Amino acid sequence: MVSDAAVRSSAAAVVTTRNRPMVAVFFAGATGIGHYTLRELARLAANTPGASGIRAYIVARKESVAQEVIAECSAIIRQGVSGVTVAEGNGSGEHGSQEPTAEFEFVQTSDLSLMGEVDRVCARIHELETARATRGGEGDVARIDYLLFTQGPAPYQPRKETKEGLDFTMAMLYYSRMRAITQLLPMLLAASAPPSAIGTDSNEKQHHATIVSVYAAGIEDTFDPANLALDVNPEASYSYNTARSHMVYMHTFFFEQLALSHDNLALVHVFPGLVDGPAFTTNKDLPAWFRTLWGWVVVPLFGWAVLTRAEDCGRRLLSLADAERYPPARDGGDGSGASAAVRGTTGEIGGGTYALGSTMDDTFKSAKYEGMDRDAMRKRVWQHTMDVFDTIAGGKIFKGEEQSLS
1 MVSDAAVRSS
11 AAAVVTTRNR
21 PMVAVFFAGA
31 TGIGHYTLRE
41 LARLAANTPG
51 ASGIRAYIVA
61 RKESVAQEVI
71 AECSAIIRQG
81 VSGVTVAEGN
91 GSGEHGSQEP
101 TAEFEFVQTS
111 DLSLMGEVDR
121 VCARIHELET
131 ARATRGGEGD
141 VARIDYLLFT
151 QGPAPYQPRK
161 ETKEGLDFTM
171 AMLYYSRMRA
181 ITQLLPMLLA
191 ASAPPSAIGT
201 DSNEKQHHAT
211 IVSVYAAGIE
221 DTFDPANLAL
231 DVNPEASYSY
241 NTARSHMVYM
251 HTFFFEQLAL
261 SHDNLALVHV
271 FPGLVDGPAF
281 TTNKDLPAWF
291 RTLWGWVVVP
301 LFGWAVLTRA
311 EDCGRRLLSL
321 ADAERYPPAR
331 DGGDGSGASA
341 AVRGTTGEIG
351 GGTYALGSTM
361 DDTFKSAKYE
371 GMDRDAMRKR
381 VWQHTMDVFD
391 TIAGGKIFKG
401 EEQSLS
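At position 385 of the sequence shown the residue is numbered 385 (UniProt numbering), and the sequence of numbers has no breaks.
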C-alpha cells in the first residue's frame with residue numbers, strides 16, 4: 001500500500017520537478033474523476049512552493065459544465081499562494097505579468113465512442129497545444145506530460161453497437177482510449193525531449209509522459225483471444241463482465257507492446273475504487289431505484305467505509321506522474337535508482353506499465369496470465385486494435401473478428 005504521505009509527496013513532486021508548464025489532457029475532465037483530478041492539479045499548482053505552471057485541456061460534451069470547472073479551477077489558482085496567474089477560455093485570454101501561468105482550455109466532443117470523433121478531438125488538441133507552445137517562448141514544444149482517460153458509460157449495459165461497428169461500452173472504455181494514445185503519441189513522446197531541446201538546465205532530470213486509463217485494473221477473468229471484440233456470436237459470448245475482463249487484458253497487452261517501442265512512456269491502468277460522483281445519481285442509463293438508493297442510502301450511511309473521497313482520488317491519480325514511484329521502463333526497468341518504484345505488469349520494479357488498485361499500489365494478477373504466450377498476446381491485441389482503427393479510418397464499418405481473421 002502506498003501511504004497517504006507518499007501520495008502527497010508524489011503529487012507535489014509532479015508540479016515542482018519541472019521548470020516549464022505541465023501540460024495535461026483530461027478526457028471527460030468536466031465531471032467525476034476527471035474533474036476531481038484537474039481540481040487537485042489546480043490546487044497543487046496554486047499552493048505548492050516552487051510549482052510550475054500548467055496547461056490543461058478539458059475534453060467534455062457540455063461547454064457550460066466545462067466552463068464551470070474552468071471557473072472553479074481559476075478561482076483556486078487566484079486564491080493560492082504561489083503567484084500563479086490565469087489565462088482561461090478559448091485562447092483569447094492574455095498571459096498575466098507573473099509566471100508561471102495556468103491555462104485551461106475546453107475541447108468539445110460529441111461522442112467519444114466514435115473513433116472518427118476521437119481523431120477530430122485529438123487534432124484539435126494538437127492545434128491548440130502547438131499554438132500555446134509557440135506562444136510560450138523559445139525552447140517550448142508542443143507536448144503532453146499527463147494524459148488521463150475517465151470517459152465511460154454506466155456499467156452492466158447490454159451490447160449496443162456504434163455506427164462504426166463497435167460495442168459502445170468497449171468503444172468508450174478501450175478503443176477510444178487507445179485511439180487517442182496513438183493519435184497523440186508525437187506530443188506524448190515530445191514530453192521526453194532532452195533538456196537542451198526545450199531550453200532548460202542541462203542538469204535537470206529528463207521528463208516523460210504519463211498515460212492513465214481509469215477503469216478496472218486487477219479484475220481479470222475470462223479471455224478469448226480469438227474473439228477480442230466479443231462480436232463472434234455475441235448473444236452467447238457477450239456480457240458486461242466478460243467485456244470488462246477482455247478490456248483489462250487488452251489494456252495490459254496493448255500497454256506492454258507500446259512500451260516495447262517507447263520506453264520513455266509510463267502507462268498506467270488503475271481501478272480507483274468506488275468514487276462518488278454524478279455518474280451514480282444523474283446517469284439515466286442506471287435504473288431510477290439504483291440512483292435513489294445510491295444517493296439516499298449508500299452515500300449517507302456507508303460512504304465513509306466504501307467510497308474513495310473525491311479529493312483523495314484526484315490526488316492519487318495525479319501522483320501517478322511521479323517519476324520516482326511510477327517511472328517509464330527507461331528509468332526504472334533495471335531496478336537501479338528506483339527504490340520507491342512500484343512493480344510493473346512485466347514483473348519488474350519500475351517496469352513502465354502498471355496495473356494499480358485504489359491505494360495506487362500493484363494489483364496485477366500475474367496468475368491469470370500463467371500459461372499464456374505473453375509476447376504472442378501482445379502482438380495479437382496490438383494487431384487487432386490497429387485493424388479496428390484502420391478499418392474505421394478507411395471509412396468502413398468494423399465487421400468483427402471473423403472478418404479480420406479471414
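The beta-carbon is built from N, C-alpha and C at its ideal position, and this holds for glycine as well. Since the model is a prediction, treat every value here as computed from it, not as a measurement.
Judging by CA-CA distance, which residue of the options is the nearest neighbour of residue i?
i: ASN264; options: SER192, TYR36, ARG143 and GLU68; result: SER192
i: PHE223; options: ALA6, ILE211 and MET377; result: MET377
i: THR16; options: GLY53, GLU256 and MET372; result: GLY53
i: HIS207; options: MET187, ARG374, PRO225 and ALA355; result: MET187
i: GLY394; options: GLU105, GLU164, ALA6 and ALA42; result: GLU164
i: THR31; options: VAL298, ALA66 and PHE290; result: ALA66
i: ARG120; options: TYR369, TRP289, MET1 and LEU184; result: LEU184
i: GLU311; options: TRP289, PRO300, ALA323 and THR37; result: THR37
i: ILE144; options: VAL270, ILE58, GLU72 and LYS365; result: ILE58
i: TYR135; options: MET115, ALA266, ASP111 and THR101; result: The amino acid occupying residue 135 in the given sequence is Arg; Tyr does not appear at that position. When only C-alpha atoms are compared, the closest one is THR101.
i: ASP375; options: LEU260, ALA367, LEU301 and LYS365; result: LEU260
i: ASP221; options: ARG18, TYR369 and GLN383; result: TYR369
i: SER64; options: GLN383, ALA56, LYS365 and VAL107; result: VAL107
i: HIS269; options: LEU301, LEU317 and ALA367; result: LEU317
i: residue 428; options: ALA229, ASP140, ARG309 and ASP390; result: The structure shown does not extend to residue 428, since the chain spans only 1 to 406, so no value can be given for it.
i: PHE149; options: HIS384, LEU267 and VAL299; result: LEU267
i: SER3; options: GLY357, THR385 and ASP390; result: GLY357
i: ILE77; options: SER110, ARG43, GLU68 and THR48; result: ARG43
Who are the near neighbours of residue i in its chain, counting only those whose CB is closer than 6 angstroms to its CB and skipping five residues on each side?
i: VAL381; result: MET250, PHE253 and PHE254
i: LEU307; result: LEU274 and ASP276
i: ALA51; result: VAL15, THR16, ALA45 and SER82
i: LEU319; result: One detail in the question is off: residue 319 reads as Ser in this sequence, not Leu. Excluding sequence neighbours, SER319 sits near VAL7, SER10 and ALA11.
i: LEU173; result: GLY152, TYR215 and MET247
i: ALA321; result: VAL14, TYR146 and THR210
i: GLY335; result: In this prediction, GLY335 scores a pLDDT of 49, lower than 50, which makes its location untrustworthy; the coordinate-derived value is nonetheless stated afterwards. ILE349, listed in sequence order.
Expressed to the nearest angstrom, what Euclidean distance is found between the alpha-carbon atoms of residue i and residue j?
i: PHE168; j: LYS160; result: 6 angstroms
i: THR182; j: GLU127; result: 16 angstroms
i: VAL23; j: GLY34; result: 15 angstroms
i: ASP387; j: GLY295; result: 42 angstroms
i: LYS399; j: LEU166; result: 8 angstroms
i: ALA341; j: LYS396; result: 44 angstroms
i: MET372; j: VAL25; result: 34 angstroms
i: ALA5; j: ASP231; result: 45 angstroms
i: SER92; j: ARG343; result: Residue placement at SER92 is poorly supported in this model, since its pLDDT is 35, which falls under 50; the coordinates are not used for a value here.
i: THR292; j: ALA154; result: 15 angstroms
i: ARG20; j: ALA323; result: 16 angstroms
i: GLU88; j: LEU41; result: Any reading at GLU88 is ruled out, since the residue's pLDDT is 47, under 50, leaving its predicted position unreliable.
i: LEU147; j: ALA288; result: 33 angstroms
i: GLU117; j: ARG315; result: 30 angstroms
i: LYS257; j: TYR175; result: Just to set this straight, residue 257 is Gln in the shown sequence, not Lys. Using only the alpha carbons, I get a separation of about 15 angstroms.
Does the beta carbon of residue i sit closer than 9 angstroms to a beta carbon anywhere in chain B?
i: ARG8; result: Here there is only one protein chain, and chain B is not present.
For residue i, which of helix, strand or coil comes out of DSSP?
i: SER245; result: helix
i: VAL214; result: strand
i: VAL297; result: helix
i: THR353; result: strand
i: VAL232; result: coil
i: GLN108; result: strand
i: GLU359; result: Before going on, a small fix: residue 359 reads as Thr here, not Glu. Three-state result, THR359: coil.
i: ALA259; result: helix
i: ARG143; result: coil
i: MET22; result: strand
i: ASP375; result: helix
i: residue 435; result: For residue 435 there is no data in the structure shown, the boundaries of the chain being 1 and 406.
i: LEU317; result: helix
i: THR17; result: coil
So residue i and residue j are in contact, right, with Cβ under 8 angstroms, and what is the actual spacing, rounded?
i: SER213; j: ARG177; result: 5 angstroms
i: GLY352; j: PRO328; result: 5 angstroms
i: PHE104; j: ILE70; result: 4 angstroms
i: GLY218; j: ALA355; result: 6 angstroms
i: THR363; j: PHE290; result: Contact doesn't hold; Cβ gap of about 26 angstroms is too wide.
i: SER113; j: ALA171; result: 4 angstroms
Excluding five sequence neighbours on each side, which residues of the same chain lie with their C-beta closer than 8 angstroms to the C-beta of residue i?
i: GLN157; result: PHE168, THR169, TYR240 and ASP285
i: GLN79; result: ALA46
i: MET1; result: THR359 and ASP361
i: ALA338; result: Here the model assigns ALA338 a pLDDT of 44, short of 50, so the residue's position is not dependable and the matter cannot be decided.
i: LYS62; result: ALA30
The ligand GTP heavy atoms versus the CB of residue i: any closer than 8 angstroms?
i: GLY34; result: Summarising the ligand content, the structure contains no ligands, and the ligand GTP is consequently not present.
In chain order, what residues of the same chain lie with their CB nearer than 7 angstroms to the CB of residue i, ignoring the 5 residues before and after it?
i: LEU262; result: Here the sequence assigns His to residue 262, which means Leu is not the residue at that position. Around HIS262: LEU189.
i: CYS122; result: ALA180, GLN183 and LEU184
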